[in-house]
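A.B. asks:
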Amino acid sequence: MSEGSGTSRRAAHLELDEPMAARLRAALPLVAERTITAITAEVPAYSGTLTGQMREKIENAVRIALGTFLQLIGRPQASDPSTPLTPALEAAYALGSGEARSGRSMDALLAAYRVGARVAWREVSTTTVRSGLAAATVAEFAELMFAYIDELSAASVAGHADELASVGRARRRSLERLTQQLLAGEAEDVLRRGAERADWPVPQTLTVVLLPRSGLRTVLTALSPHTLESGEDMPGVDPTEELAVLLVPDAHGGRRRQLTRVLRGHRAVLGPARPWHRVAGSYERATRALLLGLPRAGADAPLDTEQHLAELLLSTDPEALADLRAQVLRPLASLPPATAHRLAETLRAWLLHQGRRDDVAAALFVHPQTVRYRMAKVRELYGERLHDPATVLDLTLALALLPAPEEAS
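Structure (structure tokens):
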């Protein structure tokens, strides 16, 4: 809202006598009505909408605008130049805010200002010419009136922009809160209320992606606009690099491959797709995979947790896995560590390859006779337990992630 505007200063040099001002004030209701009729006919966005209270509101705004203008040019020169404009500028600002709240751009309102200025000037000029106002004064009057309309338009634009900024800030806060609630695993009814407040369309699934913030903007441009981003950094494995947390909607099924392609080259970690209200499980799995340092399928490929389910399962309770391994490998405990490891490694390959000696030898890069010798020693140590399904299951689990010899010792 401007104070001491150019319109106000220029109006000080154009004063109407009281009879002329009275005639123009008397014409205001008719001018307002004709202006609204023209706007309804010529601005498609308002066609059929300017009825009832809305029409009365706009007509009142037109009357305020024209009345303020007449007050401006009819005031004593010594008066405060900013005061007469204040009500009209406030009304114009409110109109712009209202358009933003209604979800409309400024295009329709600015078009309405142009139509309104033309119609209002046609009606006002008819009155001034009939009243014998000099041509030079009429021209100055026109210039002043259109400058005034420009100020009103600017006030509406400011109202529209401020409203959008305010709504945008509030929505961003709501989205950030919803993201934290999702990652914390809040109840579904809480999450649904949060989604409504944030005006966020609920998807079928959400998939968590962890990636360095250095690549965040590039990735976001290729994802759904409804992707959520955590407002807080999470520490990465590299202490110099912070990671962003993204919640990507509906990246399940075949669309997971597309997401994987988008993430290539960004050292990302890709959690599983989960029903949207259970995405906390995707976050927990992705963070665990990151901390475990699981291998990637390629140098620039993301770490896809779906390709490491066995490792993730076996890492859920490291102490239980260590106890199971110690228990099932007890028959090897009396052997030198290197020998015990070779036999355990051979037993693991034997279980995985279902006893096919040549396949076991190829996997271990040894001669089949070496496999035969080692397995004879294993059978001597384990006896009939190698034929017990429960023992075979325990051995398979315990040996699935067999440590290196130095770790085994």
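Using my numbering, the first residue of the sequence shown is number 651, and each one after it goes up by one.
Don't be surprised by glycine CBs; every beta carbon is placed ideally from N, CA and C.
Report yes if the CB atom of Leu878 is closer than 8 Å to the CB atom of Thr910, and no otherwise.
C.D. replies: Against a cut-off of 8 Å, the Cβ pair of Thr910 and Leu878 comes out as no contact.
A.B. asks: Excluding sequence positions up to five away, which residues of its chain have a Cβ less than 7 Å from the Cβ of Ser781?
C.D. replies: Answer for Ser781: Met670, Arg673, listed in chain order.
A.B. asks: Among Glu813, Thr1046, Val929, which one has its Cα closest to the Cα of Glu995?
C.D. replies: Checking every option, the nearest Cα to that of Glu995 belongs to Thr1046.
A.B. asks: Assign Tyr1023 to one of two classes, buried (16 or more other C-beta atoms within 10 Å of its C-beta) or exposed (fewer than that).
C.D. replies: By the neighbour-count rule (16 or more Cβ atoms within 10 Å), Tyr1023 is not buried but exposed.
A.B. asks: What would DSSP say about Glu668, mapped onto helix, strand or coil?
C.D. replies: Glu668: helix per DSSP, three-state reduction.
A.B. asks: List the endpoints of the continuous alpha helix (DSSP H) containing Pro987.
C.D. replies: Element bounds for Pro987: 987-1002.
A.B. asks: Whose C-alpha, out of Phe791, Leu760, His927, is nearest the C-alpha of Asp839?
C.D. replies: Nearest option by C-alpha distance: His927.
A.B. asks: For the structure I just gave you, are there three or more beta carbon pairs, one from the stretch 855-863 and one from the stretch 815-824, closer than 8 Å?
C.D. replies: Short answer: they don't touch.
A.B. asks: Taking the C-alpha atoms as reference points, what is the distance between Ala662 and Arg751?
C.D. replies: Residue placement at Ala662 is poorly supported in this model, since its pLDDT is 46, which falls under 50; the coordinates are not used for a value here.
A.B. asks: Among Ala792, Leu1043, Val898, Asp1044, which residue has its Cα nearest to the Cα of Ala767?
C.D. replies: The shortest C-alpha separation from Ala767 is found at Ala792.
A.B. asks: Going by other Cβ atoms of all chains shown within 10 Å of its Cβ, with 16 needed for buried, is Leu940 buried or exposed?
C.D. replies: Flag for Leu940 reads buried.
A.B. asks: Tell me Gly925's beta-bridge partners as DSSP assigns them.
C.D. replies: It should be pointed out that residue 925 corresponds to Pro in this sequence rather than to Gly. BP columns for Pro925 point to Thr855.
A.B. asks: Which residues bound the alpha helix (DSSP H) around Val1016?
C.D. replies: It is not in any alpha helix (DSSP H) - Val1016 carries neither H nor E in the DSSP assignment.
A.B. asks: Would you mind giving the Cβ-Cβ distance between Gly809 and Ala744, rounded to the nearest angstrom? I have them listed as a contact below 8 Å.
C.D. replies: At roughly 6 Å, the Cβ-Cβ gap stays under 8 Å, so Gly809 and Ala744 are in contact.
A.B. asks: With a floor of 4 residues, list each alpha helix (DSSP H) that falls wholly inside the stretch 930-978, ordered by position along the chain.
C.D. replies: Qualifying alpha helix (DSSP H) stretches, in chain order: 930-942, 959-964, 968-978.
A.B. asks: Return the residue from the list Ala949, Asp967, Pro945, Ala1012 that minimises the CA-CA distance to Gln957.
C.D. replies: With distances taken between Cα atoms, Gln957 lies closest to Pro945.
A.B. asks: Counting only the same chain and skipping the five closest in sequence on each side, list residues whose C-beta sits under 6 Å from that of His902.
C.D. replies: Thr855, Ala923, listed in sequence order.
A.B. asks: Look at the alpha carbon of Gly921 and the alpha carbon of His1003, and state the distance between them as a whole number of angstroms.
C.D. replies: Distance between the alpha carbons of Gly921 and His1003: 30 Å.
A.B. asks: Pick from Thr989, Pro981, Val912, Gln977: whose alpha carbon is nearest that of Asp954?
C.D. replies: It is Val912 whose Cα lies nearest to the Cα of Asp954.
A.B. asks: Provide the residue span of the beta strand (DSSP E) that contains Leu1052, from first to last.
C.D. replies: Taken as a continuous stretch (DSSP letters only), Leu1052 belongs to no beta strand (DSSP E), as it is neither H nor E.
A.B. asks: Can you give me the start and stop residues for the alpha helix (DSSP H) that Pro737 sits inside?
C.D. replies: First-last of the alpha helix (DSSP H) with Pro737: 735-751.
A.B. asks: Leaving out the 5 sequence neighbours to the left and right, which residues in its chain are closer than 6 Å to Gly844 when beta-carbon positions are compared?
C.D. replies: Only Leu828, Gln831 meet the Cβ criterion.
A.B. asks: Can you name, in chain order, every residue of its own chain whose Cβ lies under 6 Å from the Cβ of Ala1048, other than the five neighbours on each side?
C.D. replies: Result list for Ala1048: Leu974, Arg975, Val978, in chain order.
A.B. asks: Have a look at Arg1006 and Ala1026 and give me their C-alpha separation to the nearest angstrom.
C.D. replies: Cα-Cα distance, rounded: 14 Å.
A.B. asks: Smallest Cα separation from Asp800: which of Glu749, Ala762, Leu1014?
C.D. replies: The option with the nearest alpha carbon to Asp800 is Ala762.
A.B. asks: From what residue to what residue does the alpha helix (DSSP H) around Ala695 run?
C.D. replies: Careful: Ala695 lies outside any alpha helix (DSSP H) and carries neither H nor E.
A.B. asks: Out of curiosity, what's the CA-to-CA distance linking Gly904 and Arg684?
C.D. replies: About 59 Å.
A.B. asks: Taking C-alpha atoms, which residue in Pro981, Arg914, Ser874 lies nearest to Gly948?
C.D. replies: Comparing Cα positions, the closest option is Arg914.
A.B. asks: Can you tell me whether Pro987 is buried or exposed, with buried defined as 16 or more other CB within 10 angstroms of its CB?
C.D. replies: Exposed, since its Cβ has fewer than 16 Cβ neighbours within 10 Å.
A.B. asks: What separation, rounded to the nearest whole angstrom, lies between the Cα atoms of Glu749 and Met756?
C.D. replies: Answer to the nearest angstrom: the Cα atoms are 7 Å apart.
A.B. asks: Given a threshold of 16 other Cβ atoms within 10 Å of its Cβ, counted over all protein chains shown, does Phe1015 qualify as buried or as exposed?
C.D. replies: By the 10 Å Cβ count, Phe1015 comes out exposed.
A.B. asks: Quick one, are the C-beta atoms of Ser965 and Arg938 less than 8 Å apart?
C.D. replies: Cβ distance < 8 Å, so Ser965 and Arg938 count as in contact.
A.B. asks: From the DSSP output, which residues share a beta bridge with Val919?
C.D. replies: Paired residues: Leu860, Leu953.
A.B. asks: For a quick check, are the C-beta atoms of Leu897 and Val929 less than 8 Å apart?
C.D. replies: Yes, the Cβ-Cβ distance between Leu897 and Val929 is below 8 Å.
A.B. asks: Leu794: which of Leu720, Val1028, Ala811 sits nearest, CA to CA?
C.D. replies: Answer by Cα proximity: Leu720.
A.B. asks: Three-state secondary structure (DSSP) at Ala894?
C.D. replies: It is a strand residue.
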